[in-house]
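Peer 1: Please see the structure below; I have some questions.
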Amino acid sequence: MKRDWLPLALVPAIALAALPLVASPPIWVTLTVAGLAMGMMIFMMASGLTLVFGLMDVMNFAHGVFISVGAYGAASVLIAMKAEVQAPGLAANLAAIGPALLAAVALAGVLGWFFERVVIRPVYGDHLRQILVTMGGLIVVEQLIIVVWGPDVIPLPRPAALTGAFIFGDAAIERYRVLAVVVGLALFGAMWLLLNRTRIGLLVRAGVENAEMVESLGYRIRRLFVGVFVAGSALAGLGGVMWAMYQESLNAQMGMQVMVLIFIVVIIGGLGSVGGCFAGALLVGLTANYTGFLAPKLALGSNILLMVLVLLWRPRGLYPVGK
Amino acid sequence: MIRDLLSGDLPRSRALSAALLLVLAGLALAPFLFPGTRSLDVAAKVCVFVVLVASYDLLLGYTGIVSFAHTMFFGIGGYGIGLAAANWGSSWASLAAGSALALLLAAAVALAVGLLSLRVRAIFFAMITLAVASFFQILASQMSWLTGGEDGVNFNLPRLLHSRLVAYYLVFGSSLALFLLLLRIVNSPFGRVLLSIRENEFRAEALGYRTVYYRTAANCIGALGATAAGLLYAVWLRYTGPAATLSFDIMVDILLMVVIGGMGTMYGAPLGAAIFVLAQTYLRDLMKLASGALEGVPLLPSLLHPDRWLLWLGILFILCVYYFPTGIVGRLRARRA
């Protein structure tokens with residue numbers, strides 16, 4: 001199969017095009033890293049959504065609550081382990097971050113499992129009711145978060161080892177952003193290997209193409225569904241923690257707020273396509289940061305504009321999934 | 001005569017007719033039956049939401065597309081009147097100009113969003129409208145030199161509308177006319193095509209109807225209806241702001257009213273709006289009482305706190321979609337058959 005590199009080539013193309021506009025290379029480096037970091041975090045949160053759509057034809061408008069629930073779960077752990085978080089050593093920090101990430105992934109995964117079973121299962125194959133029901137689920141969980149954790153914004157200081165910046169010449173690069181890029185790349189790599197080099201990945205990809213055929217060959221597609229759904233929710237929880245630490249605060253509406261970005265990314269990438277989601281997330285992250293610097297007034301609309309341009313070029317997104 | 005007014009689409013159930021007449025009479029005589037500022041506010045809100053919900057039902061119930069931008073158009077209407085009256089003086093001419101601009105803008109935005117997203121998949125449309133609406137909401141609160149930011153705009157109206165009675169009957173009369181117009185639209189040949197698209201898009205296309213055009217047209221009509229409702233609401237409140245028109249909570253309210261009333265039946269709109277607005281206004285007081293009475297019990301008071309109103313709405317909404325998909329109107333009609 002011939003690979004379509006054009007959309008992926010857009011990412012460096014946009015970065016290079018922004019260089020003469022930004023004019024100062026150190027600022028450009030800072031902006032680019034910030035954009036990549038933002039893109040990677042969005043990718044973590046969005047990948048589950050797009051995969052679930054590709055595999056099960058379910059658009060989960062409540063995906064955002066897994067983000068918030070993950071972030072809240074991790075925040076509870078981090079706040080309880082305040083001493084370790086503020087300690088200067090990396091080892092002590094990791095001792096707090098590890099359980100926090102685990103809590104986020106576990107909480108979001110369990111909620112995802114419950115959500116799939118109770119809310120989504122009765123409405124497979126009915127887009128209209130899916131949208132309505134998952135929207136209702138979003139509201140309910142968001143309100144439950146307020147009941148449990150209170151309505152106020154919770155400040156979430158980053159662990160000591162992750163604050164500060166690396167200085168290269170004139171360019172300052174925040175450590176946390178480097179970490180986000182590394183984690184994001186690792187996740188994308190792992191996901192690519194899992195999808196393209198393992199038997200489970202083969203089944204998932206086959207399921208995206210034609211679920212009935214996979215089922216008729218004797219595989220239980222339902223089990224695959226649930227697994228992908230839970231994994232996607234857990235990833236969203238992980239992305240939620242990263243995002244909350246990036247913003248250094250969290251509130252119950254954060255999932256809904258990020259959700260808009262995620263939708264834009266998923267639409268740009270082509271519904272159901274993981275590679276498209278990756279390219280779309282990086283594009284959105286980069287454009288948001290460049291326009292935020294060049295024309296702060298336009299920053300709000302830049303993502304919508306990007307989406308419109310991509311859809312005018314390819315109406316089904318960068319990498320349309322054949323259906 | 002009545003048959004013509006209702007475009008031949010009669011309620012077809014005695015209980016439903018009685019309920020509709022009750023709502024109509026209650027709204028028509030509200031200033032005399034329920035004097036007092038608060039109850040008149042409730043009545044006016046019901047009138048406005050009847051139009052808002054009916055125009056949304058045109059999209060959701062009749063065409064089968066989910067839009068999350070309905071409050072955006074509601075807001076465009078509100079800001080159209082609000083900004084015109086605040087900046088160009090409180091004359092009838094400025095109100096007319098503001099309304100015309102709002103309607104034009106709404107139609108243009110609806111056309112653009114529709115053409116961009118309705119050609120591919122219905123689910124695209126829901127996601128894109130959500131993104132566009134949230135963008136618009138941020139825009140309205142950021143451009144505070146124009147829109148007053150989160151505080152919104154207070155403005156004056158022509159002298160005639162200072163009388164609450166005149167203002168109320170303007171809102172009531174316009175809402176009734178708009179509702180009948182929407183009823184006319186869904187019962188026209190155009191409305192039949194919308195229904196056929198909802199039932200089987202492929203087949204409608206095969207019969208020679210360009211479904212994209214019909215869907216986009218429906219989207220524009222729905223948007224214009226919401227804008228008109230926004231104009232009326234602004235006239236009644238003499239205020240426009242993000243919380244009153246654009247907030248996502250209102251979108252949820254609309255969804256709930258459509259589902260409770262009954263999707264795909266224009267008559268669901270007045271019933272859903274009346275029941276919901278009444279419950280919203282008076283049930284909250286009840287929740288406050290319950291929350292206060294349960295002071296000391298763990299968790300329960302915070303679950304019943306009046307601000308957690310949305311939690312119960314959400315649960316009710318999910319249950320309605322599962323077990324009550326045809327709404328009140330569907331149930332009443334089914335009982336007869």
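Order-wise, the sequence lines are chains Z and P.
Reminder that position 163 of the first sequence reads as 163 in the working numbering, one-by-one numbering, no gaps.
Reminder that position 70 of the second sequence reads as 70 in the working numbering, one-by-one numbering, no gaps.
Glycine included, every Cβ here is placed at the ideal spot set by N, Cα and C.
These numbers were taken from a predicted model, which means no experiment stands behind them.
Let me know if M1/Z comes out buried or exposed under the rule of 16 or more other beta-carbons within 10 Å of its beta-carbon.
Peer 2: The residue given as residue 1/Z occupies position 1 in the first sequence. Caution applies to M1/Z, whose pLDDT of 46 falls short of 50 and renders its modelled position unreliable; the value that the coordinates give is listed next. Exposed, by the Cβ-count rule.
Peer 1: Buried or exposed: H162/P, going by 16 or more other Cβ atoms within 10 Å of its Cβ?
Peer 2: For the purposes of this step, residue 162/P is taken as residue 162 along the second sequence, with counting starting at 1. Exposed.
Peer 1: Are there 16 or more other CB atoms within 10 angstroms of the CB of M38/Z, so buried, or fewer, so exposed?
Peer 2: Position 38 of the first sequence, counted from the first residue, corresponds to residue 38/Z. The residue is buried, with at least 16 neighbouring Cβ atoms inside 10 Å.
Peer 1: Closest by CA to L339/P, which one among R314/Z, G136/Z, V33/Z and G48/Z?
Peer 2: Any answer about residue 339/P is impossible in this case: the structure gives chain P only from 1 up to 337.
Peer 1: For F166/Z, which three-state DSSP category applies?
Peer 2: The residue you call residue 166/Z lines up with position 166 of the first sequence. In the displayed model, F166/Z falls within a strand according to three-state DSSP.
Peer 1: Please list, in chain order, the chain P residues whose beta carbon lies closer than 9 angstroms to that of G272/Z.
Peer 2: To locate residue 272/Z, count along the first sequence from 1; it is residue 272. What G272/Z touches in chain P: nothing, since even the nearest Cβ is about 11 angstroms away.
Peer 1: Alpha carbon to alpha carbon, how far is T265/P from G61/P? Give it in angstroms, no decimals.
Peer 2: To locate residue 61/P, count along the second sequence from 1; it is residue 61. To locate residue 265/P, count along the second sequence from 1; it is residue 265. For G61/P and T265/P, the distance between alpha carbons rounds to 7 angstroms.
Peer 1: Taking the alpha carbon of V141/Z as the reference point, which residue from L332/P, F172/P and L313/P has its own alpha carbon closest?
Peer 2: By 1-based counting over the first sequence, the position of residue 141/Z is 141. Per the Cα distances, L313/P.
Peer 1: For L217/Z and chain P, any beta-carbon pair shorter than 8 angstroms?
Peer 2: Here residue 217/Z refers to the residue found at position 217 when the first sequence is read from its first residue. Not closer than 8 angstroms to any Cβ of chain P, the Cβ of L217/Z fails to qualify, so no.
Peer 1: In the DSSP assignment, what residue or residues form a beta bridge with T240/P?
Peer 2: To locate residue 240/P, count along the second sequence from 1; it is residue 240. Per DSSP, V153/P.
Peer 1: Let me check understanding here. Comparing Cα to Cα, which of L309/Z, P26/Z, D4/Z and I67/Z lies closest to M245/Z?
Peer 2: Reading the first sequence from its first residue, position 245 is the one you call residue 245/Z. Comparing C-alpha distances from M245/Z to each of L309/Z, P26/Z, D4/Z and I67/Z shows the shortest one belongs to I67/Z.
Peer 1: Between which two residues does the beta strand (DSSP E) containing I173/Z stretch?
Peer 2: Position 173 of the first sequence, counting from 1, holds the residue named residue 173/Z. Counting along the chain, the beta strand (DSSP E) containing I173/Z begins and ends at A171 to E174.
Peer 1: Secondary structure at I154/Z, three-state DSSP: helix, strand or coil?
Peer 2: Reading the first sequence from its first residue, position 154 is the one you call residue 154/Z. DSSP places I154/Z in strand when its eight states are reduced to three.
Peer 1: Please report how far the alpha carbon of W236/P lies from the alpha carbon of L165/P, in whole angstroms.
Peer 2: Counting from 1 along the second sequence, the entry for residue 236/P is found at position 236. Counting from 1 along the second sequence, the entry for residue 165/P is found at position 165. Distance between the alpha carbons of W236/P and L165/P is about 11 angstroms.
Peer 1: Just tell me which of A44/P, F68/P, R12/P and V48/P has its CA closest to the CA of S247/P.
Peer 2: To locate residue 247/P, count along the second sequence from 1; it is residue 247. Out of A44/P, F68/P, R12/P and V48/P, F68/P has the C-alpha closest to the C-alpha of S247/P.
Peer 1: Step through the CB atoms of chain Z and report whether any lies within less than 8 angstroms of the CB of N255/P.
Peer 2: Counting from 1 along the second sequence, the entry for residue 255/P is found at position 255. A quick correction: the sequence has Leu, not Asn, at residue 255/P. It does: the Cβ of L255/P has a partner Cβ on chain Z nearer than 8 angstroms.
Peer 1: Excluding the 5 residues preceding and the 5 following L334/Z in the sequence, name in chain order all residues of the same chain whose CB lies nearer than 8 angstroms to its CB.
Peer 2: In this structure chain Z extends from 1 to 323, so residue 334/Z is not present and cannot be described.
Peer 1: A122/P versus chain Z: which residues are under 7 angstroms apart at the beta carbon?
Peer 2: Start at 1 with the first residue of the second sequence, and residue 122/P comes out as number 122. Contact note: A122/P reaches chain Z through H127, using a C-beta cutoff of 7 angstroms and chain order.
Peer 1: My assumption, with CB atoms under 8 angstroms, is that G80/P sits in contact with L101/P. Please give the rounded CB distance.
Peer 2: To locate residue 80/P, count along the second sequence from 1; it is residue 80. To locate residue 101/P, count along the second sequence from 1; it is residue 101. At roughly 6 angstroms, the Cβ-Cβ gap stays under 8 angstroms, so G80/P and L101/P are in contact.
Peer 1: Short of 8 angstroms in beta carbon distance, which residues of its chain neighbour L160/P, apart from the five on each side in sequence? Order them along the chain.
Peer 2: Looking up residue 160/P in the second sequence gives position 160. These residues qualify, in order along the chain: V166.
Peer 1: For S302/P, report the span of its alpha helix (DSSP H) as first-last.
Peer 2: Your numbering for residue 302/P matches position 302 in the second sequence. S302/P -> alpha helix (DSSP H) spans L300 to L303.
Peer 1: In the DSSP assignment, the alpha helix (DSSP H) including D249/P goes from what residue to what residue?
Peer 2: Here the question's residue 249/P lines up with position 249 in the second sequence. Taken as a continuous stretch (DSSP letters only), the alpha helix (DSSP H) holding D249/P covers F248 to G261.
Peer 1: Let's see if you can read the secondary structure: which residues bound the alpha helix (DSSP H) around L31/Z?
Peer 2: Position 31 of the first sequence holds residue 31/Z. Counting along the chain, the alpha helix (DSSP H) containing L31/Z begins and ends at P25 to M56.
Peer 1: Excluding the 5 residues flanking A243/P on each side, which residues of the same chain have their C-beta closer than 6 angstroms to its C-beta?
Peer 2: Locating residue 243/P in the second sequence gives position 243, counting from the first residue. If we look at A243/P and ignore the five residues flanking it on each side, it has no Cβ neighbours.
Peer 1: Would you report the Cα separation of R14/P and L59/P, rounded to the nearest angstrom?
Peer 2: Reading the second sequence from its first residue, position 14 is the one you call residue 14/P. Reading the second sequence from its first residue, position 59 is the one you call residue 59/P. Roughly 27 angstroms between the two C-alpha positions.
Peer 1: In whole angstroms, what is the alpha-carbon distance linking L130/P and G330/P?
Peer 2: As a first step, residue 130/P is located in the second sequence; it is residue number 130 there, counting from the start. As a first step, residue 330/P is located in the second sequence; it is residue number 330 there, counting from the start. Cα to Cα, the separation comes out at about 29 angstroms.
Peer 1: Specify whether the stretch 24–32 of chain P and the stretch 208–224 of chain P touch according to this definition: at least 3 beta carbon pairs, one from each stretch, less than 8 angstroms apart.
Peer 2: no
Peer 1: Straight-line CA distance for N154/P to G292/Z?
Peer 2: Locating residue 154/P in the second sequence gives position 154, counting from the first residue. Locating residue 292/Z in the first sequence gives position 292, counting from the first residue. Their Cα atoms are separated by approximately 32 angstroms.
Peer 1: Check whether chain Z comes within 8 angstroms of G268/P, counting only Cβ atoms and requiring the distance to be less than that.
Peer 2: The residue labelled residue 268/P in the question sits at position 268 within the second sequence. No, G268/P does not count as interfacial toward chain Z.
Peer 1: Determine the extent of the alpha helix (DSSP H) in which W343/P is found, giving its start and end residues.
Peer 2: No statement about residue 343/P is possible, as the shown extent of chain P runs from 1 to 337 and does not include it.
Peer 1: Report yes if the C-beta distance between G95/P and A85/P is below 8 angstroms; otherwise report no.
Peer 2: The count along the second sequence starts at 1 and reaches residue 95/P at position 95. The count along the second sequence starts at 1 and reaches residue 85/P at position 85. For the record, residue 95/P in the displayed sequence is Leu; it is not Gly. Yes, Cβ-Cβ distance for L95/P and A85/P is below 8 angstroms.
Peer 1: What does the Cβ neighbour count give for N303/Z, buried or exposed, with the cut at 16 atoms within 10 Å?
Peer 2: Taking the first sequence and counting its residues from 1, one reaches residue 303/Z at position 303. Around the beta-carbon of N303/Z, 16 or more other beta-carbon atoms lie within 10 Å, marking it buried.
Peer 1: Would the beta-carbon of V48/P fall within 8 angstroms of that of R129/Z?
Peer 2: Along the second sequence, read from residue 1 onward, the residue named residue 48/P stands at position 48. Along the first sequence, read from residue 1 onward, the residue named residue 129/Z stands at position 129. Result no, Cβ atoms of V48/P and R129/Z do not sit closer than 8 angstroms.
Peer 1: Beta-carbon of Y323/P versus every beta-carbon of chain Z: anything under 8 angstroms?
Peer 2: Taking the first residue of the second sequence as 1, we reach residue 323/P at position 323. Not an interface residue.
Peer 1: Does the beta carbon of F263/Z sit closer than 8 angstroms to a beta carbon anywhere in chain P?
Peer 2: Along the first sequence, one-based indexing puts residue 263/Z at 263. F263/Z counts as touching chain P.
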